[in-house]
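Undergrad: When we follow our numbering, the leftmost residue of the sequence shown carries the number 366, and every step to the right adds one. One structure coming up, written as structure tokens, with questions to follow.
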Amino acid sequence: MSTKTENTTPSQNPPKFILSGGGTGGHIFPAVAIANALKVKYPDAQFLFVGAIGKMEMEKVPKEGFEITGLPIEGLKRSASPRNIIVLLKTIHSFWKARKLLQQFQPTAVIGTGGYASLPICFMASRMGYTTILQEQNGFAGLTNRLVARRAALICTGFPQMEKFFPAGNWEFTGNPVRQNIIDLGDRLKQRKTTDVEHAACLQKFGLQPKLPVIFITGGSLGARTINQTIFNNLVQLAEANIQIIWQMGLPFAKSHAEKIHQIIENNPALFLAPNAPRIFHAPFIYDMDDAYQAANLVVSRAGAISISEIAVVGKPSILVPSPNVTDDHQTKNAQVLSGLNAAVLISDQQAPQTLINTCIELITDTKKMTELQEKLKQIAKPQATETIAHRIASLIENAK
């Protein structure tokens, strides 16, 4: 627990919350989800987000209806660079601004969801005596959360087995916040409330047919080059294995390959189930992810924390191909947690061009293995993560009064 050294968290009604996390959607979305859950508990509460000037949170958070202020902080360059001198000066300035902001806003609690944008406000809050809560999405804790953890009141983790990063008794495996439509689908699938008619309707949205297996391929909103190229090179092999495909390829790959994909489909009868009925649906982005998950028997995905949490909630067997281009290689760490529990199949980005297609074909026809993966996923699925986190925060601030 934090020891108050400069300022006490005031007993106030309504409460005031500062939330910080940014740089990527994986940090921003959990912060917004937690804020919305707290807003339900405390309709009159005040909320202030703190981000990094020029980063996506400065645009996305106001669209969600919350006020945000920016700090001039930047991430350090990994290689030796003169730019790091400027980054260091901006970091010092950001810590000073964070201190002033805390003194002015006097929050009841400060909630950090990771990323360098959250370091100044969370670090200063924990040392100034404000109740500080961290939410760590990944199976390998980020640097910001590791630096703040010792003085945090609570760390809510998206993965189990986090004792190597956080103090004993100070963290809880709550799961990661996921979208409500994904939670609703997970509940229906778990309770077997989805019908053949509903499943057929989902398939119809993608122009696919019932009674044949479906693989949902996604590399996130920007796509995943290795996954996309491997699928592109093997469309005919997948079709000849009687597999249907829902493919979210991301805008960059769609721009460069959409016409080529159309040509492959038009020139290969194996890619059609019937005239004007291709086995493949492809798009730059899929907005109705719940429909894609419901239609799929198997998911091929990168191993981002939120993607994994969604896959777990809907209980879909998956092949995870971690991106090699992320800080601390945390996607590989995420995938290793699941594969270690036998809850997913892990294929490295380097191995994917040689092994991904055969693994897809073998796995989707192995009913026993698919069922085993689904059962193991239940151990890490936390559909009520957002409510759990909000409840823990509420308990902390109520006990502090």
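Here a beta-carbon is modelled for each residue, glycine too, at the ideal position from N, C-alpha and C.
For the alpha helix (DSSP H) containing Gly551, list its first residue and its last residue.
TA: Its alpha helix (DSSP H) spans residues Gln545 to Lys555.
Undergrad: So Gly388 and Lys420 are supposed to be a Cβ contact under 8 Å. How far apart are they, rounded?
TA: Yes, Gly388 and Lys420 are in contact; Cβ-Cβ is about 6 Å, under 8 Å.
Undergrad: Name the DSSP bridge partner or partners of Gln411?
TA: Lys381
Undergrad: Given Thr456, which residues of its chain have a CB within under 7 Å of its CB, disregarding the five upstream and five downstream residues?
TA: Ile438
Undergrad: I need the DSSP call for Phe530, collapsed to helix, strand or coil.
TA: coil
Undergrad: Alpha carbons only, please: which of Asn510, Tyr495, Met493 and Gly494 is nearest the one belonging to Glu501?
TA: Each of Asn510, Tyr495, Met493 and Gly494 was checked against the Cα of Glu501, and the nearest Cα belongs to Asn510.
Undergrad: Tell me whether the beta-carbon of Ile754 lies closer than 8 Å to the beta-carbon of Cys521.
TA: yes
Undergrad: Based on DSSP bridge pairs, tell me the residues matched to Leu711.
TA: Per DSSP, Leu685.
Undergrad: For the candidate residues Met735, Lys766, Asp653 and Asp549, whose alpha-carbon lies nearest to that of Val678?
TA: Val678 has its Cα closest to that of Asp549, out of Met735, Lys766, Asp653 and Asp549.
Undergrad: Among Ser760, Val686 and Ala746, whose alpha-carbon lies nearest the alpha-carbon of Cys725?
TA: Val686
Undergrad: Taking the alpha-carbon positions, what's the Phe412 to Leu384 distance?
TA: 8 Å
Undergrad: Pick out whichever of Ala410, Arg448, Val452 and Leu466 has its Cα sitting closest to the Cα of Thr434.
TA: Leu466
Undergrad: List the endpoints of the continuous beta strand (DSSP E) containing Ala665.
TA: At residue 665 the sequence reads Val, which differs from the Ala that was named. Annotation: the continuous beta strand (DSSP E) that includes Val665 extends over Leu663 to Ser666.
Undergrad: Could you tell me which of Asn503, Val543, Trp612 and Ile676 sits nearest to His309, measuring between CA atoms?
TA: The structure shown does not extend to residue 309, since the chain is modelled only from 366 to 766, so the question has no answer here.
Undergrad: Going by alpha carbons, who is nearest to Pro575 out of Pro525, Leu703 and Ala661?
TA: Ala661
Undergrad: If you drop the 5 nearest sequence neighbours on each side, which residues of the same chain put their C-beta closer than 8 Å to that of Asn764?
TA: None.
Undergrad: When burial is assigned at 16 or more other CB atoms within 10 Å of the CB, is Lys462 buried or exposed?
TA: buried
Undergrad: My output table needs one value for Gly584: the three-state DSSP class, helix, strand or coil.
TA: coil
Undergrad: Considering just the uninterrupted stretch of the beta strand (DSSP E) at Gly435, what are its terminal residues?
TA: Glu432 to Leu436
Undergrad: Helix, strand or coil: how does DSSP classify Thr559 here?
TA: Coil.
Undergrad: With burial defined as no fewer than 16 other Cβ atoms inside 10 Å of the residue's Cβ, what is the status of Thr539: buried or exposed?
TA: buried
Undergrad: Pro375 by DSSP, collapsed to three states: which one?
TA: Any answer about Pro375 is weak, because its pLDDT of 45 lies below 50 and its placement is not dependable; what the coordinates show is given next. Pro375: coil per DSSP, three-state reduction.
Undergrad: Rank Leu600, Leu738 and Pro649 by C-alpha distance to the C-alpha of Ala635 and give the top, closest one.
TA: Leu600
Undergrad: State the start and end residues of the unbroken alpha helix (DSSP H) segment that holds Leu703.
TA: His695 to Gly705
Undergrad: Which stretch, first to last residue, makes up the alpha helix (DSSP H) that contains Glu439?
TA: Counting along the chain, Glu439 falls outside any alpha helix (DSSP H), and DSSP gives it neither H nor E.
Undergrad: How many Å lie between Gln719 and Gln594 at the Cα?
TA: When rounded, the distance between both Cα atoms is 12 Å.
Undergrad: Looking only at its chain, what residues have a beta carbon closer than 8 Å to the beta carbon of His622, apart from the 5 residues adjacent to it on each side?
TA: Asn593, Phe597 and Met614
Undergrad: Using the Cα positions of Asn607 and Leu577, report the straight-line distance between them to the nearest angstrom.
TA: Rounded to the nearest angstrom, the gap between the Cα atoms of Asn607 and Leu577 is 7 Å.
Undergrad: Just checking, does the region 525 to 533 make contact with the region 734 to 741 on the three C-beta pairs under 8 Å criterion?
TA: In this structure the region 525 to 533 does not touch the region 734 to 741; the number of beta carbon pairs closer than 8 Å is below three.
Undergrad: With a Cβ-Cβ cutoff of 8 Å, do Leu761 and Ala402 count as a contact?
TA: no
Undergrad: Just list the residues that DSSP pairs Val475 with in beta bridges.
TA: Ile383 and Thr497
Undergrad: Please report the Cβ distance between Phe650 and Arg644, rounded to the nearest whole angstrom; I am assuming they are in contact, meaning their Cβ atoms lie under 8 Å.
TA: That pair is no contact at about 21 Å.
Undergrad: Tell me whether Ile498 is buried or exposed, calling it buried when 16 or more other Cβ atoms sit within 10 Å of its Cβ.
TA: buried
Undergrad: Thinking Ala717 and Thr591 are a contact (beta carbons under 8 Å), I'd like their distance in whole angstroms, please.
TA: Thr591 and Ala717 do touch by the CB rule: their CB atoms are close to 5 Å apart, below 8 Å.
Undergrad: By alpha-carbon positions, which one of Ala514, Thr473 and Leu436 ends up nearest to Lys766?
TA: Thr473
Undergrad: Judging by CA-CA distance, which residue of His627, Asp552, Ser483 and Tyr495 is the nearest neighbour of Gln469?
TA: Tyr495
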